[in-house]
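Novice: Pasting a structure below so you can have a look.
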Amino acid sequence: MTDIIHGREEILALLRSLKADRQPAFGIMTPQHMVEHLAFTVRFSNGKLPQQLYYREEKAQKFKQYTIYSDREMVPGFRAPMLTEALSPLAHADLPEAIEALGRELEAFDSFFLLHPDEKPVNPTMGALTYQEWVTFHNKHFRHHLRQYNLA
21 MTDIIHGREE ILALLRSLKA DRQPAFGIMT PQHMVEHLAF TVRFSNGKLP QQLYYREEKA
81 QKFKQYTIYS DREMVPGFRA PMLTEALSPL AHADLPEAIE ALGRELEAFD SFFLLHPDEK
141 PVNPTMGALT YQEWVTFHNK HFRHHLRQYN LA
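Counting in this note's numbering, the sequence shown runs from 21 upward without gaps.
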């Protein structure tokens with residue numbers, strides 16, 4: 021099982037095993053795009069990149085129930101409303117640098133909730149999430165992208 025809290029080093033080691041030119045099982049993201057995408061979404065939850073809710077509250081609550089409070093996994097092909105169809109420009113020089121940046125964003129996630137345990141940063145598709153809801157989301161999101169490269 022993917023666990024960003026207790027299995028973080030294992031996840032980062034799996035990502036470090038990726039070759040930059042590896043082809044995904046689904047989707048168009050390169051390994052570096054995928055890692056930077058994960059870091060981007062962690063920033064929503066660590067206080068660095070506050071988000072607005074893109075869906076009506078009723079739809080967001082249904083999506084939250086489906087995503088957080090069920091055993092269902094994320095399916096290939098879902099695109100969050102703030103993402104474009106095209107790949108985003110890369111922010112880092114290479115894949116190893118992007119993986120290290122992801123590790124720092126996860127550490128910032130830990131620090132944010134140690135300092136602000138009652139905060140509920142907004143997820144753009146589900147609304148305000150507690151710490152545990154964010155952990156559940158990130159675990160499912162990371163697992164989804166690890167499966168994209170047959171790492172989970």
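Each residue gets a CB set at the ideal place from its N, CA and C atoms; glycine is no exception.
Would you report the Cα separation of Ala111 and Glu120, rounded to the nearest angstrom?
Specialist: As a position in the sequence shown, residue 111 is number 91, starting the count at 1. As a position in the sequence shown, residue 120 is number 100, starting the count at 1. Answer to the nearest angstrom: the Cα atoms are 12 Å apart.
Novice: Classify Ala148 as helix, strand or coil using the three-state DSSP reduction.
Specialist: As a working mapping, residue 148 is identified with position 128 in the sequence shown. Residue state, collapsed to three classes: strand.
Novice: Please name the residue in Asn66, Ala128 and Arg163 whose C-alpha comes closest to that of Asp23.
Specialist: In the sequence shown, residue 23 corresponds to position 3, counting from 1. Nearest option by C-alpha distance: Arg163.
Novice: To which residues of the same chain is Leu107 closer than 8 Å at the C-beta, ignoring the five residues directly before and after it?
Specialist: Taking the sequence shown and counting its residues from 1, the one referred to as residue 107 is at position 87. Here Leu107 has Ile48, Met49, Thr50 and His53 as same chain residues with Cβ atoms under 8 Å from its own Cβ, once five neighbours each way along the sequence are excluded.
Novice: Can you tell me whether Asn170 is buried or exposed? The criterion is at least 16 other CB atoms within 10 Å of its CB, across all chains shown.
Specialist: Start at 1 with the first residue of the sequence shown, and residue 170 comes out as number 150. With fewer than 16 other Cβ atoms within 10 Å, it is exposed.
Novice: Report yes if the C-beta distance between Phe129 and Asn143 is below 8 Å; otherwise report no.
Specialist: For the purposes of this step, residue 129 is taken as the residue at position 109 of the sequence shown. For the purposes of this step, residue 143 is taken as the residue at position 123 of the sequence shown. Against a cut-off of 8 Å, the Cβ pair of Asn143 and Phe129 comes out as no contact.
Novice: For Val142, which three-state DSSP category applies?
Specialist: Translated into the one-based positions of the sequence shown, residue 142 becomes position 122. Secondary structure at Val142: strand, using DSSP grouped into helix, strand and coil.
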